[in-house]
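Right, one structure below, let's go through it.
Residue numbers (the numbering used here), protein chains in the order written: chain A, 82 to 347; chain B, 82 to 347.
See the structure below:
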């Protein structure tokens, strides 16, 4: 279906704007993705928006035309509107000329196949959506199966997380679980749980990593709870040569992930 | 000197607010730092704010009292104000209860002593202040001498960069230079320039790193210009097992920095 929206007070505009808010995203089960590049990443992995919103006076573009056709063929909606309304929807002065509304998908642990990859990232109580997106991007880079979000984390479907993931939110696995669900799930199969830790830890470099290896990173300011660390199979520590005792969470995860990659491929 | 400010229209309030804007920071040569933890990091390295701004109804605090005394002893100004005015200054609803105004310092290449550390980070046209701050934090962690910002980068004195640095902006070296200044400076002494690259590169792991090693990371979306890469002594590549061909800039810098750390200590 095709529609044109010319008024700011249109209910669809109000709905689209509401998706900037986590509470509304959860209620609707949908999220908004801005920019052709991310939409194309989604399309290439078989995910199409339910609704495509485009600014009218945009330049013609092959990729966009194909996306439009795919959305129509799948029974979705294509909406044209003014650049001003699109800016209002995305909350940015220089809005991208296209955005898409996607259904959120199932992020239960059961959707993950642990045998599909030698490395997995897990983050506990990760609060920063930029860190979350960066970890998804790192998953893609190291060939990790995906990211498991434990306890209360930032929303992986927020605009900032999606943007920082550079599209990896569509391509790598994603699960959300409480620790009380995660640990039994992990122990029901093979899997080595590795924490970046300062307590009772071995040097991260050349440690005895085994696939599938689950790298667990803690909250930005608190780190991991002590009992979570104790439940890990391996605690590793990275050199800290300065005044601080920790790295940025996404950085710590990536440095460890690259070390594990070298380890499991040895 | 001690002062109390109770009115939103006070010129000092206007001045403090103006420091959220890069143009005004550069004109004034000053920047604003929020929160006792960062102020304490600064104090511990001998940097005191010219002006300390505190909310009146704050809880008594030993560290804050010491900071206040130090600022007064150094001839600085201590200002008390309302929590509302402090929120207006920082632009945050839940403002920290204290902020400080620091003089920016000399960030010319001549302030760096390359023999002081085996590793240095350099970033070219880095646009994201969060990435910039994260790289400063990584410098601290790996014992790098500091961060060299090449060409037009984000402002290291922005609130976001200072916050992401977790105080490292005060403790590690910091320089800003054009490429045309940086390269002659580098070549005037010993120093290996290493780029993360996809072109004509060797595997990053176990490459022949030599101290002082300068790790060069490019712009978030463009990477490094080809002639910058060509000017490097060593081009290294990290495994990219997914769809994307790059990592987040701060992540790439950190993964490389930890590898170089292992290399130069071998």
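Where is the CB? At the ideal position from N, CA and C, for every residue including glycine.
Everything numeric in this text was worked out from a predicted model, so none of it was measured.
Beta-carbon proximity of residue i to residue j, cut-off 8 Å
i	j	result
residue 181 (chain A)	residue 120 (chain A)	yes
residue 227 (chain A)	residue 234 (chain A)	no
residue 70 (chain B)	residue 222 (chain A)	Not covered by the structure: residue 70 (chain B). The range shown for chain B is 82 to 347.
residue 101 (chain A)	residue 240 (chain A)	yes
residue 340 (chain A)	residue 207 (chain A)	no
residue 163 (chain B)	residue 137 (chain B)	yes
residue 320 (chain B)	residue 328 (chain A)	no
residue 130 (chain B)	residue 152 (chain B)	yes
residue 315 (chain A)	residue 292 (chain A)	no
Cβ separation of residue i and residue j, assumed to be a contact under 8 Å, to the nearest whole Å
i	j	result
residue 296 (chain A)	residue 334 (chain A)	6 Å
residue 243 (chain B)	residue 225 (chain B)	Contact flag wrong, Cβ pair sits at about 18 Å.
residue 330 (chain B)	residue 212 (chain B)	5 Å
residue 317 (chain A)	residue 294 (chain A)	Contact flag wrong, Cβ pair sits at about 11 Å.
residue 205 (chain B)	residue 299 (chain B)	5 Å
residue 185 (chain A)	residue 251 (chain A)	At roughly 12 Å, the Cβ-Cβ gap does not stay under 8 Å, so residue 185 (chain A) and residue 251 (chain A) are not in contact.
Spatial distance of residue i from residue j (CA atoms)
i	j	result
residue 263 (chain A)	residue 312 (chain A)	12 Å
residue 87 (chain B)	residue 147 (chain B)	24 Å
residue 248 (chain A)	residue 132 (chain B)	44 Å
residue 115 (chain B)	residue 173 (chain B)	11 Å
residue 199 (chain A)	residue 229 (chain A)	14 Å
residue 97 (chain B)	residue 107 (chain B)	13 Å
residue 193 (chain A)	residue 236 (chain A)	19 Å
residue 118 (chain B)	residue 141 (chain A)	52 Å
residue 161 (chain A)	residue 85 (chain A)	5 Å
residue 201 (chain B)	residue 209 (chain B)	19 Å
residue 109 (chain B)	residue 167 (chain B)	20 Å
residue 91 (chain A)	residue 170 (chain A)	11 Å
residue 112 (chain B)	residue 183 (chain B)	5 Å
residue 256 (chain B)	residue 231 (chain B)	8 Å
residue 336 (chain A)	residue 156 (chain B)	44 Å
residue 332 (chain B)	residue 216 (chain B)	8 Å
residue 307 (chain B)	residue 197 (chain B)	30 Å
residue 286 (chain A)	residue 89 (chain B)	54 Å
residue 165 (chain A)	residue 135 (chain A)	11 Å
residue 44 (chain A)	residue 325 (chain B)	Here chain A has residues from 82 to 347 only, and residue 44 (chain A) is not among them.
residue 259 (chain A)	residue 105 (chain A)	22 Å
residue 267 (chain A)	residue 282 (chain A)	21 Å
residue 159 (chain A)	residue 179 (chain A)	11 Å
residue 290 (chain B)	residue 305 (chain B)	20 Å
Buried versus exposed call for residue i [16 or more other C-beta atoms within 10 Å across all chains shown]
i	result
residue 284 (chain B)	exposed
residue 123 (chain B)	buried
residue 150 (chain A)	exposed
residue 261 (chain B)	exposed
residue 303 (chain B)	exposed
residue 269 (chain B)	exposed
residue 195 (chain A)	buried
residue 338 (chain A)	buried
residue 82 (chain B)	exposed
residue 265 (chain B)	exposed
residue 347 (chain A)	exposed
residue 310 (chain A)	buried
residue 218 (chain A)	buried
residue 277 (chain A)	buried
residue 188 (chain A)	buried
residue 154 (chain B)	exposed
residue 344 (chain A)	buried
residue 144 (chain B)	exposed
residue 203 (chain B)	buried
Original post:
What are the complete alpha helix (DSSP H) segments, minimum 4 residues, inside the stretch 83-153 of chain A?
Top reply: Complete alpha helix (DSSP H) runs here, min 4: 92-99, 103-109 and 117-125.
**OP:** Counting only runs of 4+ residues fully inside the stretch 153-191 of chain B, write out the alpha helix (DSSP H) ranges in chain order.
**Re:** 164-171
Original post:
Taking only runs of the beta strand (DSSP E) that begin and end inside the stretch 246-294 of chain B, which ones reach a length of at least 3 residues, in chain order?
Top reply: Complete beta strand (DSSP E) runs here, min 3: 254-258 and 273-277.
**OP:** Pull out every residue of the stretch 320-333 of chain A whose Cβ sits closer than 7 Å to any Cβ of chain C, in chain order.
**Re:** Among the protein chains in the structure shown, which are A and B, there is no chain C.
Subject >> beta strand (DSSP E) runs contained entirely in the stretch 194-221 of chain A, provided each spans 3 or more residues >> reply: 200-205
Subject >> Entirely enclosed alpha helix (DSSP H) segments - the stretch 291-317 of chain A, minimum 4 residues >> reply: As far as the stretch 291-317 of chain A is concerned, its whole alpha helix (DSSP H) runs of at least 4 residues are 307-311.
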